[in-house]
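Asks: Structure below; questions to follow.
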């Protein structure tokens, strides 16, 4: 086996985990303290949702509030980190990455397709770029952990599959 691919295969998941978790965990200080930048972003999104009849959707107590999104980011980070340190629970990285893809797909979509735009805080689009890199990292982790992901999917499907009695 090529030593470069072995090194990349060993270190890529760790680098992706550290980067993704760092971005997610860093954002929590804004989301969980109700920082003015967070109020601005979620306020714009809530005004947009109100314009088509869904007031409160992004409000502090809404279904997609900063606290709900922040909690999802905290869970994703925890799963990614736990899977990195506990090799027998590596499948947790696949679950954390799937949550990361879901959250970042939403973030990127709202930046692109709502009045929020790619530069809501006049930071040169840094928040949007970070979301794109985290999305790419999460997708990469899903690819790297595809075997574990299929194992998790198989276990979950077994839970929801109806029990059929054996034919006589």
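In this note's numbering, the protein residues as written are 18 to 185. Cβ coordinates follow ideal geometry from the N, Cα and C atoms, glycine included.
Rounded to whole angstroms, what is the Cα-Cα separation between residue 48 and residue 120?
Replies: Between residue 48 and residue 120, the C-alpha separation is close to 14 angstroms.
Asks: Report the residue ranges of all alpha helix (DSSP H) runs contained in full by the stretch 77–159; include only those spanning at least 4 residues, in chain order.
Replies: Runs found: 83–102 and 108–130.
Asks: Applying the 10 Å Cβ sphere with the 16-neighbour rule, what's the burial state of residue 32?
Replies: Result: exposed.
Asks: I need the straight-line Cα distance from residue 132 to residue 64, nearest angstrom please.
Replies: So the alpha carbons of these two residues sit roughly 9 angstroms apart.
Asks: Rounded to whole angstroms, what's the CA-CA distance from residue 154 to residue 182? Just pull it up for me.
Replies: Roughly 43 angstroms between the two C-alpha positions.
Asks: When the distance is taken between beta carbons, is residue 137 closer than 8 angstroms to residue 57?
Replies: Cβ distance < 8 angstroms, so residue 57 and residue 137 count as in contact.
Asks: Check each candidate in 161, 102 and 110 and name the one with the smallest Cα separation from residue 26.
Replies: Looking at the Cα atoms, 161 is the closest of the given residues.
Asks: Which of the three DSSP states is assigned to residue 70 in this structure?
Replies: Three-state result, residue 70: coil.
Asks: Determine the DSSP secondary structure at residue 162, reduced to helix, strand or coil.
Replies: Correct three-state label for residue 162: coil.
Asks: May I have the straight-line CA-CA distance separating residue 45 from residue 151, to the nearest angstrom?
Replies: The alpha-carbon atoms of residue 45 and residue 151 are separated by roughly 15 angstroms.
Asks: For the stretch 105–125 against the stretch 167–178, do three or more pairs of beta-carbon atoms, one drawn from each stretch, fall closer than 8 angstroms, so that the two count as touching?
Replies: These segments touch.
Asks: Do residue 124 and residue 148 come within 8 angstroms of each other at the CB atom, strictly closer than that value?
Replies: It is a contact, given that the beta carbons lie within the stated cut-off.
Asks: Taking the alpha carbon of residue 113 as the point to measure from, which residue in 129, 103 and 96 has its own alpha carbon closest?
Replies: It is 96 whose Cα lies nearest to the Cα of residue 113.
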